[in-house]
Amino acid sequence: MEYQAILEEIAEDVRPLVGKGQVADYIPKLAAVPLDRFAMAVQTVDGKTYAVGDARERFSIQSISKVFTLTMALKAVGEEALFQRVGREPSGTPFNSLVQLEYEDGIPRNPFINAGAIVVDDILVSAFPRPRNALLGFFRQLTGEDTVDYDPVVARSEADYGFRNRALANFIRSFENLENEVDRVLSLYFAHCSLAASCVELARSFVFLANHGLCPTTGERVLTRSQAKRISALMMTCGTYDAVGEFAYLVGLPAKSGVGGGISATIPGELAVAVWSPGLNKSGNSLAGTKALELFTTKTGISVF
Ligand code: GLU
Numbered sequence: 090m091e092y093q094a095i096l097e098e099i100a101e102d103v104r105p106l107v108g109k110g111q112v113a114d115y116i117p118k119l120a121a122v123p124l125d126r127f128a129m130a131v132q133t134v135d136g137k138t139y140a141v142g143d144a145r146e147r148f149s150i151q152s153i154s155k156v157f158t159l160t161m162a163l164k165a166v167g168e169e170a171l172f173q174r175v176g177r178e179p180s181g182t183p184f185n186s187l188v189q190l191e192y193e194d195g196i197p198r199n200p201f202i203n204a205g206a207i208v209v210d211d212i213l214v215s216a217f218p219r220p221r222n223a224l225l226g227f228f229r230q231l232t233g234e235d236t237v238d239y240d241p242v243v244a245r246s247e248a249d250y251g252f253r254n255r256a257l258a259n260f261i262r263s264f265e266n267l268e269n270e271v272d273r274v275l276s277l278y279f280a281h282c283s284l285a286a287s288c289v290e291l292a293r294s295f296v297f298l299a300n301h302g303l304c305p306t307t308g309e310r311v312l313t314r315s316q317a318k319r320i321s322a323l324m325m326t327c328g329t330y331d332a333v334g335e336f337a338y339l340v341g342l343p344a345k346s347g348v349g350g351g352i353s354a355t356i357p358g359e360l361a362v363a364v365w366s367p368g369l370n371k372s373g374n375s376l377a378g379t380k381a382l383e384l385f386t387t388k389t390g391i392s393v394f
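Final position of the sequence shown in our numbering is 394; the numbers increase by one with none missing.
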């Protein structure tokens, strides 16, 4: 497949959309990101990398990090313990909503809404003596880059403006679905939301999911085949905020988006693809990024369907 030519065509096709949409503005550092960026990268399971645009520029991966925390929690405690405390259904509510938690007794709908990610982080805080280091080590191993890091300015602002996340964590704790101190759990949550990486690094870090749990670059088995399938299924049904149905319809790939404008997706058995453009649509997904992924599955003719 001529991936390089396809990426270049897509970059041209989406040009009119780049700069449209709203940049996330709940913290100053994200509000300051230039709207005119566009990047896309593909990492194939057989080791090839293709890229276009600002694909080596790092950006705030935000909620995309929730795929890595979920992977670590699944490895650490297994399916049964994990899914007693968090569900696996799309929420149909905004990612930071509180209402569902009240009538569902503190069990978040899925691991990708904020409430679910906070429970996953609680599992990591219990399982690892230094969870932030463990997560960073895991992310560095997956990207193959030991310079990827948390952005301390973003992490600080997440904490300063994290009123709703603090409310969620306290609420979950009141239902006894949090084992650790709210502040310890949130410090991990704010840290992983601040992880910065480029599209090339993100595509590389997702390729183990495309390769059924086995990292093709290091040869390490990150997840079993079945676990990789389950995480991909959760991405498909819960990974793109309150627009998963529309995203599946348009793109047809398991994907996870973040409010920094990044989206990582996989084509099982083939490749991981990452896209970044900071202008968001109404649902909080990258506007040009969603279109680029739609064009990618249309032009290549491959999706999970
Ligand atoms: N860090 C933000 C929050 O927790 C947004 C995360 C995201 O959905 O990308 O509210």
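Glycine included, C-beta positions come from ideal geometry on N, C-alpha and C.
Going by C-alpha positions, residue 309 is about 6 angstroms away from residue 303. Going by beta carbons, residue 269 and residue 211 fall inside the 8 angstroms limit.
The Cβ neighbour count for residue 200, taken over all protein chains shown within 10 Å, is at least 16; the residue is labelled buried. For residue 364, there is no enclosing alpha helix (DSSP H); the enclosing beta strand (DSSP E) covers residues 360-365. Under DSSP, residue 310 takes part in a beta bridge, and its partners are 303. Comparing alpha-carbon positions, the option among 379, 298, 339, 312 lying closest to residue 359 turns out to be 298. For residue 329, the three-state secondary structure derived from DSSP is coil. Contact annotation: residue 339 and residue 356 have beta-carbon atoms that are not nearer than 8 angstroms.
In the three-state reduction of the DSSP assignment, residue 148 falls in the strand class.
Relative to the ligand GLU, the beta carbon of residue 348 is positioned inside 7 angstroms of a heavy atom. C-alpha of residue 247 to C-alpha of residue 284: approximately 12 angstroms in a straight line.
For residue 247, the CB falls within less than 7 angstroms of some heavy atom of the ligand GLU.
If the five residues before and after residue 100 are omitted, its C-beta is found closer than 6 angstroms to the C-beta atoms of 141, 142, all from its own chain and listed in chain order. Under the rule that a run must span 4 or more residues, the alpha helix (DSSP H) segments found entirely inside the region 157-232 read 188-192, 203-216, 220-232.
The region 369-389 and the region 314-322 do not touch, with fewer than three beta-carbon pairs separated by less than 8 angstroms.
When DSSP states are grouped into helix, strand and coil, residue 353 belongs to the strand group. Judged by beta-carbon spacing, residue 264 lies within the 8 angstroms limit of residue 194, meaning their Cβ atoms are closer than that value. Remark: the shortest separation between the CB of residue 321 and any heavy atom of the ligand GLU does not fall under 7 angstroms.
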